[in-house]
Amino acid sequence: MCKSPRANAGTLLGIQRKDRAIVHRFSSSNSRRWLTRLKAVAVDATEPETDRAPKGTLTKIIFREFLERFILSHKKWLLRKKNTLHPLLPELGFKRVIVGRPSYTGDYRPERDTDSSLKERTKLNPYNIVDLIKFCMTEGNYFHFQGAHFSQTQGVPMGSPLSPVLAEFFMEHLEQRAFACDNFTRRVEFFKRYVDDIFAIVKKGHEQSFLHHLNGLFTEHIKFTIEKEHGGRLPFLDALVIKDGHRLKTTVYRKPRNTDRYLNYHSHHPKSVKIGIVTGMVDRAFHLCDAEFLDAELTHIKRSLMRNDYPGKLVDSCVRRRLELLRSGAPHAQPAQDIRITMPYYTGIAEAVKRLSTTIGFEACFSSSTSLAAMLRSDKVKIPTEEQQGAVYNVNCTCGGSYIGETGNTISHRFKQHIGNLKTYRTAEKRKNGEKVTTRGRPQKKDPDIIMNEALKTSAVAEHAVTCGKTEKDLSVSKVCRETNYQRKKIKEAFYIRHNPNINRDEVSEVSEAWIPISHLTECFTITNRFHTITHPRGSEGTRSRGIDLQDNTPTAPGHTHV
């Protein structure tokens with residue numbers, strides 16, 4: 027099942043048919059290159075500066091961390107658009123990039139030249155930024171599907187945080203090239219663009235020459251299509267532009283395949299979300315519709331919402347109050363509270379917390395549970411457990427000791443770091459005792475005592491193994507729960523440390539004492555072990571790949587929802 031990108035509906039597609047379509051799409055496209063072998067790219071902070079390493083104020087360590095973030099081989103999932111499948115990259119936890127200009131037809135260079143705060147916002151100079159962009163769009167731009175690796179050689183990948191910015195730069199450059207021609211300027215009476223959608227008024231009879239001029243600028247990179255007015259009407263984005271004599275009027279535009287399906291009123295969501303849908307539709311109608319079309323659009327909104335089980339009285343009340351606020355021109359933004367609490371939404375409890383927040387003076391926000399659409403969709407590639415990033419984990423020792431920690435990386439990667447600290451200690455210990463040491467990595471140069479102290483300070487797991495007389499074979503790692511949000515991850519780690527015996531050295535300060543009685547009462551943070559085996563991916567050159575028993579320590583107390 028695939029999600030339709032523009033209509034609130036789904037598309038059923040056989041798995042084998044989908045896979046064949048994907049392979050055919052990749053193999054037949056000139057913009058993607060099949061890779062038989064991948065070349066690892068790495069920057070060593072201890073080596074002399076290379077051609078790729080930045081020069082100037084940026085350290086090579088920061089540069090290397092940036093490259094490691096982008097060099098991950100992406101797993102593609104497909105977006106069905108019209109009759110084609112478009113591959114999308116995961117966003118890797120980056121914030122969505124939005125071009126911060128109200129007009130998309132202006133020139134960005136004056137803003138760039140007058141930006142005096144660039145050095146305060148980043149340590150990267152323009153040379154470093156351009157070099158990193160080239161790397162991300164060329165060498166770091168690859169993905170794998172069904173064991174084969176592909177590299178996109180033309181355009182920018184969908185889903186990459188760099189793509190919207192680079193696409194906007196390209197469109198601005200295209201505009202400059204287009205308007206540099208005097209004949210083009212004389213034929214165009216009006217020209218407005220939003221990303222790659224253009225609304226233009228050209229002289230009659232020059233429509234095809236207008237299209238040919240735009241398509242002739244970058245023939246291998248972009249191809250425009252033209253849609254002419256029919257009956258004095260032409261859609262542009264969400265608006266339907268209507269020609270009335272020498273005036274242009276607008277109303278809301280809906281595509282013919284629009285389903286008018288919105289969040290059902292009986293869905294398990296806060297009432298404020300449902301009211302927000304009503305007010306959002308009223309806002310769009312108020313700002314897009316001319317006065318003569320507003321009443322008809324409001325009537326359509328009411329009928330559509332009532333078909334989605336919204337009470338008529340609630341819809342009428344929300345529409346009336348919103349129109350009064352919009353027509354008055356008064357600011358309707360509520361003052362932001364200094365304290366914000368986010369919690370899962372449960373009917374009844376959430377409403378009581380919301381009422382309490384208005385009296386005490388904090389902002390209560392609610393997160394929804396997994397939707398039915400997310401559970402039914404099967405077009406995304408499922409990431410194996412050992413490759414999932416962000417989790418609270420538990421390192422177990424055969425003596426019964428347990429260490430609880432959190433990581434924003436994969437569990438296997440964090441466990442290798444603990445084992446690496448233990449190996450570093452053992453190697454330094456052998457050097458101190460005069461034993462012969464053979465390592466595949468670089469030889470140690472510091473004093474053994476200094477190295478041993480640093481290894482123990484870095485990892486409580488290594489310190490416990492040394493004290494207990496254990497080796498790396500006596501240690502195993504288990505997943506307690508998955509969590510990608512940094513703050514929630516720290517809070518969960520603190521709760522698990524408080525409620526389970528452990529060898530942790532750091533004191534827990536992320537949790538208020540007011541929550542401790544409730545967590546003890548529910549026992550929702552008590553770890554229970556259920557073992558399953560997960561194999562590490564093959565290590566880097568010189569590292570032997572081996573399997574590690576990961577335990578799924580999912581809390582099973584009544585009423586607890588595993589996140």
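Quick note on numbering: the sequence shown equals residues 27 to 589 in the numbering used here.
For every residue, glycine included, the Cβ atom is placed at its ideal position computed from N, Cα and C.
Since the model is a prediction, treat every value here as computed from it, not as a measurement.
> At which residue ranges does the stretch 467–492 contain complete beta strand (DSSP E) runs of 3 or more residues, listed in the order of the chain?
Replying inline: If we require 3 residues or more, the stretch 467–492 turns out to have no beta strand (DSSP E) run fully inside it.
> In the DSSP assignment, what residue or residues form a beta bridge with residue 417?
Replying inline: Position 391 of the sequence shown, counted from the start, is the residue given in the question as residue 417. DSSP, once it has assigned bridges, lists 433, 508 as partnering residue 417.
> In three-state DSSP terms, what is residue 514?
Replying inline: What you label residue 514 is simply residue 488 of the sequence shown in a count that begins at 1. Looking at residue 514 - three-state DSSP - the assignment turns out to be helix.
> Hey, how far is the Cα of residue 152 from the Cα of residue 158?
Replying inline: Position 126 of the sequence shown, counting from 1, holds the residue named residue 152. Position 132 of the sequence shown, counting from 1, holds the residue named residue 158. Residue 152 and residue 158: Cα-Cα distance of roughly 10 Å.
> residue 464: buried (16+ other C-beta within 10 angstroms of its C-beta) or exposed?
Replying inline: Your numbering for residue 464 matches position 438 in the sequence shown. With fewer than 16 other Cβ atoms within 10 Å, it is exposed.
> Quick one: is residue 451 buried, meaning 16 or more other Cβ sit within 10 Å of its Cβ, or exposed?
Replying inline: Locating residue 451 in the sequence shown gives position 425, counting from the first residue. So residue 451 counts as buried.
> Shortest alpha-carbon distance to residue 267 belongs to which of 143, 412, 225, 440?
Replying inline: For the purposes of this step, residue 267 is taken as residue 241 along the sequence shown, with counting starting at 1. Looking at the Cα atoms, 225 is the closest of the given residues.
>> For a quick check, are the C-beta atoms of residue 392 and residue 363 less than 8 Å apart?
In response: The residue given as residue 392 occupies position 366 in the sequence shown. The residue given as residue 363 occupies position 337 in the sequence shown. A distance of 8 Å or more separates the beta carbons of residue 392 and residue 363.
> Taking contact to mean at least 3 C-beta pairs separated by less than 8 Å, is the stretch 319–332 in contact with the stretch 406–422?
Replying inline: no
> Do three or more CB pairs link the stretch 474–483 to the stretch 396–415 at distances below 8 Å?
Replying inline: no
>> For residue 218, list the residues DSSP reports as bridge partners.
In response: Stepping through the sequence shown from its first residue, residue 218 is reached at position 192. Answer is 225.
>> Between residue 340 and residue 308, how many whole angstroms is the CB-CB distance? I'm expecting something under 8 Å.
In response: The residue labelled residue 340 in the question sits at position 314 within the sequence shown. The residue labelled residue 308 in the question sits at position 282 within the sequence shown. Actually they do not touch by this definition, with Cβ atoms about 13 Å apart.
>> Within the continuous alpha helix (DSSP H) that includes residue 325, where are the two ends?
In response: Residue numbering aside, residue 325 sits at position 299 when the sequence shown is read from its first letter. Segment 317–333, the alpha helix (DSSP H) holding residue 325.
> Residue range of the beta strand (DSSP E) that residue 155 falls in?
Replying inline: Here residue 155 refers to the residue found at position 129 of the sequence shown. Here residue 155 belongs to no beta strand (DSSP E); instead the alpha helix (DSSP H) covers 152–163.
>> To the nearest angstrom, how far is the alpha carbon of residue 374 from that of residue 528?
In response: Counting from one through the sequence shown, the residue named residue 374 turns up at place 348. Counting from one through the sequence shown, the residue named residue 528 turns up at place 502. Each residue's alpha carbon lies about 37 Å from the other.
> Among residues of its own chain, excluding the 5 on either side of residue 203, which ones have a beta-carbon nearer than 6 Å to its beta-carbon?
Replying inline: Taking the first residue of the sequence shown as position 1, residue 203 is located at position 177. Result list for residue 203: 243, in chain order.
> Would DSSP call residue 394 helix, strand or coil?
Replying inline: Walking along the sequence shown from the start, residue 394 turns up at place 368. Coil at residue 394, not helix or strand.
> DSSP state of residue 126, grouped into three classes?
Replying inline: For the purposes of this step, residue 126 is taken as residue 100 along the sequence shown, with counting starting at 1. Summary for residue 126: the model assigns pLDDT 36, below 50, so the residue's position carries little reliability; its value from the coordinates is reported in the next sentence. Coil, per DSSP.
> Expressed to the nearest angstrom, what Euclidean distance is found between the alpha-carbon atoms of residue 275 and residue 260?
Replying inline: Taking the first residue of the sequence shown as position 1, residue 275 is located at position 249. Taking the first residue of the sequence shown as position 1, residue 260 is located at position 234. The alpha-carbon atoms of residue 275 and residue 260 are separated by roughly 11 Å.
> How many whole angstroms separate the CB atoms of residue 425 and residue 494, which I take to be in contact at a CB cut-off of 8 Å?
Replying inline: For this step, residue 425 is matched to residue 399 along the sequence shown. For this step, residue 494 is matched to residue 468 along the sequence shown. At roughly 5 Å, the Cβ-Cβ gap stays under 8 Å, so residue 425 and residue 494 are in contact.
> What does residue 259 pair with, by DSSP beta-bridge criteria?
Replying inline: For this step, residue 259 is matched to residue 233 along the sequence shown. Residue 259 is bridged to 256, 268.
> With distances taken from CA atoms, which of 501, 502, 543 is nearest residue 521?
Replying inline: For the purposes of this step, residue 521 is identified with residue 495 of the sequence shown, where counting begins at 1. It is 543 whose Cα lies nearest to the Cα of residue 521.
> Does the pairing of the stretch 277–295 with the stretch 329–337 give three or more beta-carbon distances under 8 Å?
Replying inline: yes
> DSSP beta-bridge partners for residue 501?
Replying inline: As a first step, residue 501 must be located in the sequence shown, where it is residue number 475. DSSP output for residue 501 lists 423 as bridge partner(s).
>> Can you check which of these residues, 235, 316, 304, is closest to residue 269 by C-alpha distance?
In response: In the sequence shown, the residue the question calls residue 269 occupies position 243. It is 316 whose Cα lies nearest to the Cα of residue 269.
> In chain order, what residues of the same chain have a beta carbon less than 6 Å from the beta carbon of residue 327, not counting five sequence neighbours either side?
Replying inline: By 1-based counting over the sequence shown, the position of residue 327 is 301. Cβ within range, chain order: 307.
> With DSSP run on the structure shown, which of helix, strand or coil describes residue 596?
Replying inline: With the chain covering only 27 through 589, there is no way to say anything about residue 596.
>> Whether or not the stretch 244–256 and the stretch 289–298 are in contact is what I'm after, with contact meaning three or more pairs of Cβ atoms, one per stretch, closer than 8 Å; do they touch?
In response: no
> Can you name the start and end residues of the beta strand (DSSP E) that residue 184 belongs to?
Replying inline: As a position in the sequence shown, residue 184 is number 158, starting the count at 1. Here residue 184 belongs to no beta strand (DSSP E), and DSSP marks it neither H nor E.
> When DSSP builds the beta bridges, which residues end up paired with residue 277?
Replying inline: As a first step, residue 277 is located in the sequence shown; it is residue number 251 there, counting from the start. 266.
>> Closest to residue 215 by C-alpha separation, out of 379, 489, 205, would be which residue?
In response: As a position in the sequence shown, residue 215 is number 189, starting the count at 1. The residue with the shortest Cα to Cα distance from residue 215 is 205.
>> For residue 595 and residue 324, what's the separation of their Cα atoms in angstroms?
In response: Given that the chain is displayed from residue 27 to residue 589, the structure contains no residue 595 and the question cannot be resolved.
>> Let me confirm a value: residue 178 is counted as buried when at least 16 other C-beta atoms fall within 10 Å, else exposed. Which label applies?
In response: Within the sequence shown, residue 178 is the residue found at index 152, counting from 1. Answer is buried; the Cβ neighbour count reaches 16.
> Who does residue 367 pair with in a DSSP beta bridge?
Replying inline: For this step, residue 367 is matched to residue 341 along the sequence shown. In the DSSP output, where bridge partners are listed per residue, residue 367 has 390.
> When burial is assigned at 16 or more other CB atoms within 10 Å of the CB, is residue 482 buried or exposed?
Replying inline: For the purposes of this step, residue 482 is taken as residue 456 along the sequence shown, with counting starting at 1. Flag for residue 482 reads buried.
> Who are the Cβ neighbours of residue 490 in its own chain at under 6 Å, not counting the five residues just before and after it?
Replying inline: Indexing the sequence shown from 1 puts residue 490 at position 464. Hits under 6 Å: 427, 529.
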